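Here the structure comes first, spelled out in structure tokens, and everything after it is commentary.
Residue numbers (the working numbering), protein chains in the order written: chain H, 7 to 589; chain R, 8 to 170.
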């Protein structure tokens with residue numbers, strides 16, 4: 007017996023290449039916190055376990071490497087359920103270590119006990135209770151393998167206290183680091199398919215070559231597969247326009263002439279309409295989410311579908327694919343490019359110039375628009391975002407919360423680099439942005455990291471700014487304070503006859519500047535348009551502590567375009583400023 | 008006649024929690040599991056779960072794909088009842104006073120079941136047969152007064168090739 011479970015756990019994390027753990031200790035996980043003192047791994051002490059989970063997610067979003075969080079049993083574990091669900095929905099590689107009560111106490115309603123495995127089963131790619139100290143290295147290796155291969159996702163490893171506590175004989179073990187072969191043979195049911203079927207690749211190429219109105223519908227899978235380069239090559243080879251979903255912003259550069267931006271409920275007119283009118287939809291790592299399709303029956307009614315996804319369960323889940331391809335997006339796109347080249351040069355494909363012209367005409371007719379505020383009025387959130395975009399480095403990483411500010415950020419930011427957009431897409435977790443931005447900054451300390459947040463979101467996770475100040479993680483927060491739960495307010499205005507129920511939050515309570523200062527941040531309140539630019543410039547110059555800029559914004563501003571819930575994408579509402587154009 | 012139910016044969020790792028993972032996928036979608044049988048295979052590392060669900064509910068394709076995503080699931084096959092052999096075991100305790108006891112014993116013999124326990128006014132019997140034959144015997148025994156009845160849930164294997 008040359009080690010104990012606690013030391014083996016930390017050593018295993020070191021060997022997996024973990025640089026940072028986001029966590030908060032407690033009774034059951036205490037023995038694992040002792041060897042952290044002697045480890046080169048950085049530990050970031052959060053103020054709430056939800057923060058640890060979202061930080062690990064932000065780290066993974068920005069770096070592509072798995073984020074790691076560690077919390078105690080019971081409430082520690084339940085507090086991290088939301089980040090697990092969030093990471094599961096958005097396929098974020100994450101490993102969460104939870105403490106558990108000693109083996110003999112499991113199931114006895116012991117202090118800080120909960121059924122962590124049962125609670126997290128539906129929100130993890132996999133979870134595992136380790137019952138013997140000697141199994142810890144294998145459990146950790148499996149967790150990282152599962153989290154990062156196939157369709158990535160969160161994996162939880164539940165560790166009873168007695169197998170990591172050196173004072174308990176059950177923790178004694180001999181160190182053994184399993185080989186790759188041992189890891190894969192230990193999971194006979196887990197063999198993700200990465201290479202696309204050659205016959206299907208050929209069929210896909212043939213469909214692409216004969217399409218008159220094709221659109222590439224790029225999803226988050228492009229980023230997970232590190233396929234941004236391959237996607238660009240495919241688009242440029244074929245001249246096919248690309249829409250990038252909320253999860254794929256940055257996967258194809260917004261300044262590229264073929265980029266149409268975001269489709270969906272708040273997508274721009276061209277992205278939404280070009281999908282609707284297409285005769286071929288090339289879905290790459292996207293999952294026909296309801297926020298993209300609108301009413302499924304009338305989604306892209308004339309389009310044949312090529313659907314590439316590493317998860318076989320996505321194929322045919324929402325829309326039947328004419329050519330379903332299971333595989334890694336990068337590998338499959340590369341094979342499709344080869345197959346297209348094998349068909350011949352541009353003359354082997356139908357000329358899509360008329361389609362491109364049609365798409366450009368839509369872009370000219372329906373750009374994103376908003377009305378500037380008049381002096382003395384509250385700021386327009388879109389204006390704030392444009393200023394933020396234009397005054398920050400081009401490769402700035404932007405995290406957002408969930409709601410109107412998220413949609414405006416996705417619409418108005420120019421994402422020209424992959425892995426610069428960190429947001430909660432599938433689960434729609436309010437409060438995501440501050441901890442996620444902190445995690446992203448830890449992973450990419452060389453980058454400027456802005457969190458765009460709403461006042462509702464800010465109040466859910468602001469305490470992590472204490473973490474950021476303490477740990478000297480200089481994130482910047484652009485708080486769009488419209489004193490409302492803005493997106494809910496928008497729905498109540500539009501769909502509930504302007505009956506505003508429980509959405510008013512007050513602009514002054516709390517005093518965000520005082521609160522931010524109390525948490526160790528530099529804080530400024532910005533109320534007039536001419537203050538916006540200078541405040542952003544000042545924030546961008548501060549690099550030794552977090553900054554909060556509170557922008558007082560106009561609550562009556564709504565997100566447009568909008569496809570009303572349950573309706574067809576054909577019924578897209580471009581908003582009052584453009585209604586009637588071209589109709 | 009198309010079958011009224013799906014029979015899924017799921018080969019899984021023989022370890023704690025696997026059944027909960029499998030059944031949770033059905034529960035999440037509101038599918039009721041009609042019957043369920045689990046036991047280790049000839050290889051102790053693996054177990055076979057035979058799940059029967061009603062056809063009337065949503066198509067099974069998505070559930071099968073989701074099951075395949077479970078790390079501990081090795082293989083899933085859907086067994087079409089027309090192409091498989093199926094068996095189930097039933098134990099029944101039935102009221103059997105002297106005046107009807109002969110009739111019950113005769114029924115059990117007709118079905119090639121067995122009397123496994125004898126009480127003063129009751130008989131306990133067992134039948135391992137095709138699930139529909141179990142249904143038949145159950146129906147015929149009901150008028151005598153069934154006191155207890157327990158079925159194992161069906162198990163199935165694919166029919167062998169004959170040509």
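Just so you know, even glycine gets a beta-carbon here, dropped at the ideal spot from N, CA and C.
Please read these numbers as outputs of a predicted model, since none were measured by experiment.
Task: residue 559 of chain H classed as buried or exposed, judged by whether at least 16 other C-beta atoms fall within 10 angstroms - done: As a first step, residue 559 of chain H is located in the first chain; it is residue number 553 there, counting from the start. Answer is buried; the Cβ neighbour count reaches 16.
Open item on the list: residue 321 of chain H and residue 95 of chain H - do their beta-carbons sit closer together than 9 Å?
Closed with: Along the first chain, one-based indexing puts residue 95 of chain H at 89. Along the first chain, one-based indexing puts residue 321 of chain H at 315. Cβ distance not < 9 Å, so residue 95 of chain H and residue 321 of chain H don't count as in contact.
- [ ] Return the residue from the list R:99, R:103 and R:169 that minimises the CA-CA distance to residue 127 of chain R.
- [x] As a working note, residue 127 of chain R is residue 120 in the second chain. Of the listed residues, the one whose Cα sits closest to residue 127 of chain R is R:103.
Task: Exposure label - residue 577 of chain H; buried when at least 16 CB within 10 Å - done: Taking the first residue of the first chain as 1, we reach residue 577 of chain H at position 571. The residue in question, residue 577 of chain H, is exposed, as its Cβ has fewer than 16 Cβ neighbours within 10 Å.
Task: Min CB distance residue 75 of chain R to chain H below 9 Å - done: Here residue 75 of chain R corresponds to residue number 68 of the second chain, with the count starting at 1. Yes, residue 75 of chain R counts as interfacial toward chain H.
TODO: Spell out a yes or no on whether the segment 87 to 101 of chain H and the segment 62 to 77 of chain H are touching, meaning 3 or more CB-CB pairs, one atom from each, closer than 8 Å.
DONE: yes
Task: Contact list for residue 193 of chain H against chain R, beta-carbon separation under 7 Å - done: For the purposes of this step, residue 193 of chain H is taken as the residue at position 187 of the first chain. Near residue 193 of chain H (Cβ distances below 7 Å), the residues of chain R are 78.
TODO: Have a look at residue 228 of chain H and residue 161 of chain R and give me their C-alpha separation to the nearest angstrom.
DONE: Looking up residue 228 of chain H in the first chain gives position 222. Looking up residue 161 of chain R in the second chain gives position 154. Straight-line Cα distance between these residues: approximately 44 Å.
Open item on the list: What are the residues in the segment 303 to 324 of chain H lying within 9 Å of chain R by C-beta distance?
Closed with: 317, 318, 319, 320, 321, 322 and 323
Task: Neighbour list for residue 123 of chain H in chain R, Cβ cutoff strictly below 8 Å - done: Against the first chain, residue 123 of chain H aligns to sequence position 117. Those within 8 Å of residue 123 of chain H in chain R are 24.
Task: Separation of residue 323 of chain H from residue 305 of chain H, as counted between CA atoms - done: Taking the first chain and counting its residues from 1, one reaches residue 305 of chain H at position 299. Taking the first chain and counting its residues from 1, one reaches residue 323 of chain H at position 317. In a straight line, the C-alpha of residue 305 of chain H is about 14 Å away from that of residue 323 of chain H.
Open item on the list: Strictly below 7 Å CB to CB, what residues from chain R border residue 128 of chain H?
Closed with: Counting from one through the first chain, the residue named residue 128 of chain H turns up at place 122. 31 and 35, listed in chain order.
- [ ] Could you work out which residues of chain H lie near residue 81 of chain R, taking near to mean beta carbons separated by less than 8 Å?
- [x] Within the second chain, residue 81 of chain R is the residue found at index 74, counting from 1. By Cβ distance, chain H contributes 194 and 195.
Open item on the list: Which residues of the segment 135 to 159 of chain H have a Cβ closer than 9 Å to any Cβ of chain R? Give them in chain order.
Closed with: 135, 137, 148, 152, 156 and 157
TODO: Pick out whichever of H:540, H:487 and H:475 has its Cα sitting closest to the Cα of residue 518 of chain H.
DONE: Position 512 of the first chain holds residue 518 of chain H. Measuring from the Cα of residue 518 of chain H, the nearest candidate turns out to be H:487.
TODO: Would you kindly check if the distance between the Cβ of residue 92 of chain R and the Cβ of residue 165 of chain R is under 9 Å?
DONE: Along the second chain, one-based indexing puts residue 165 of chain R at 158. Along the second chain, one-based indexing puts residue 92 of chain R at 85. A contact, by the Cβ cut-off of 9 Å.
TODO: Ignore the nearest five residues each way along the sequence and tell me which others in residue 425 of chain H's own chain have a CB closer than 6 Å to its CB.
DONE: Here residue 425 of chain H refers to the residue found at position 419 of the first chain. Correct list, in chain order: 68.
Task: Per-residue DSSP class, three states only, for residue 527 of chain H - done: Within the first chain, numbered from 1, the residue matching residue 527 of chain H stands at position 521. Here residue 527 of chain H sits in coil by DSSP.
Task: Whole-number beta carbon distance between residue 53 of chain H and residue 412 of chain H, since they are thought to touch under 8 Å - done: Working through the first chain from its first residue, we reach residue 412 of chain H at position 406. Working through the first chain from its first residue, we reach residue 53 of chain H at position 47. With 8 Å as the limit, residue 412 of chain H and residue 53 of chain H do not qualify as a contact, their Cβ atoms being about 23 Å apart.
- [ ] Work out the CA separation of residue 92 of chain H and residue 24 of chain R for me, nearest whole Å.
- [x] Mapped onto the second chain, residue 24 of chain R falls at position 17. Mapped onto the first chain, residue 92 of chain H falls at position 86. Cα to Cα, the separation comes out at about 23 Å.
Task: Touch test, the segment 31 to 40 of chain R against the segment 65 to 76 of chain R, Cβ-Cβ under 8 Å, three pairs minimum - done: yes
Task: Cutoff 7 Å; reference residue 528 of chain H; Cβ partners in own chain excluding five residues on either side - done: Residue numbering aside, residue 528 of chain H sits at position 522 when the first chain is read from its first letter. The residues are 548, 551 and 553.
- [ ] Compute the beta-carbon to beta-carbon distance between residue 81 of chain R and residue 449 of chain H, rounded to the nearest angstrom, for a pair I have assumed lies under 8 Å.
- [x] Counted from its first residue, the second chain places residue 81 of chain R at position 74. Counted from its first residue, the first chain places residue 449 of chain H at position 443. That belief does not hold up - the Cβ atoms of residue 81 of chain R and residue 449 of chain H are roughly 36 Å apart, past 8 Å.
Task: Contact under 9 Å by Cβ, residue 10 of chain H with residue 179 of chain H - done: The residue given as residue 10 of chain H occupies position 4 in the first chain. The residue given as residue 179 of chain H occupies position 173 in the first chain. Yes. Within cutoff.
TODO: Go ahead and pull the three-state DSSP assignment for residue 651 of chain H.
DONE: The requested residue 651 of chain H does not occur in the structure, where chain H is confined to residues 7 to 589.
Open item on the list: What would DSSP say about residue 132 of chain H, mapped onto helix, strand or coil?
Closed with: On the first chain, position 126 is the one that residue 132 of chain H refers to. Residue 132 of chain H falls in the strand class under three-state DSSP.
Task: Neighbourhood of residue 461 of chain H by C-beta, 6 Å cutoff - its chain only, sequence neighbours within 5 removed - done: Walking along the first chain from the start, residue 461 of chain H turns up at place 455. Excluding positions up to five away in sequence, the list reads 487 and 511.
Open item on the list: According to DSSP, is residue 111 of chain H part of a helix, a strand, or is it coil?
Closed with: Against the first chain, residue 111 of chain H aligns to sequence position 105. Looking at residue 111 of chain H - three-state DSSP - the assignment turns out to be helix.
Task: Three CB pairs or more closer than 8 Å across the segment 392 to 400 of chain H and the segment 354 to 374 of chain H - done: no
Task: Residue range of the unbroken alpha helix (DSSP H) whose run includes residue 67 of chain H - done: Walking along the first chain from the start, residue 67 of chain H turns up at place 61. 55 to 69 is the span of the alpha helix (DSSP H), which, as asked, contains residue 67 of chain H.
Task: Three-way DSSP call (helix, strand, coil) for residue 408 of chain H in this model - done: Numbered from 1 along the first chain, position 402 holds the residue referred to as residue 408 of chain H. Three-state DSSP puts residue 408 of chain H in coil, outside helix and strand.
- [ ] Reducing DSSP to helix, strand and coil, say where residue 97 of chain R ends up.
- [x] If you number the second chain from 1, residue 97 of chain R lands on position 90. Strand at residue 97 of chain R.
Task: residue 250 of chain H, DSSP secondary structure in three states - done: Working through the first chain from its first residue, we reach residue 250 of chain H at position 244. Strand.
Task: Under 8 Å from the C-beta of residue 28 of chain R: neighbouring residues of chain H - done: Along the second chain, read from residue 1 onward, the residue named residue 28 of chain R stands at position 21. Under the 8 Å cutoff, chain H gives 127.
Open item on the list: With a threshold of 8 Å on Cβ separation, who are the neighbours of residue 387 of chain H within its own chain once the five nearest residues in sequence on each side are excluded?
Closed with: One-based indexing of the first chain puts residue 387 of chain H at position 381. Closer than 8 Å at the Cβ level, and outside the excluded window around residue 387 of chain H, lie 410, 411, 414, 486, 488, 557, 559, 560 and 563.
Task: Spatial distance of residue 171 of chain H from residue 36 of chain H (CA atoms) - done: By 1-based counting over the first chain, the position of residue 171 of chain H is 165. By 1-based counting over the first chain, the position of residue 36 of chain H is 30. Each residue's alpha carbon lies about 8 Å from the other.
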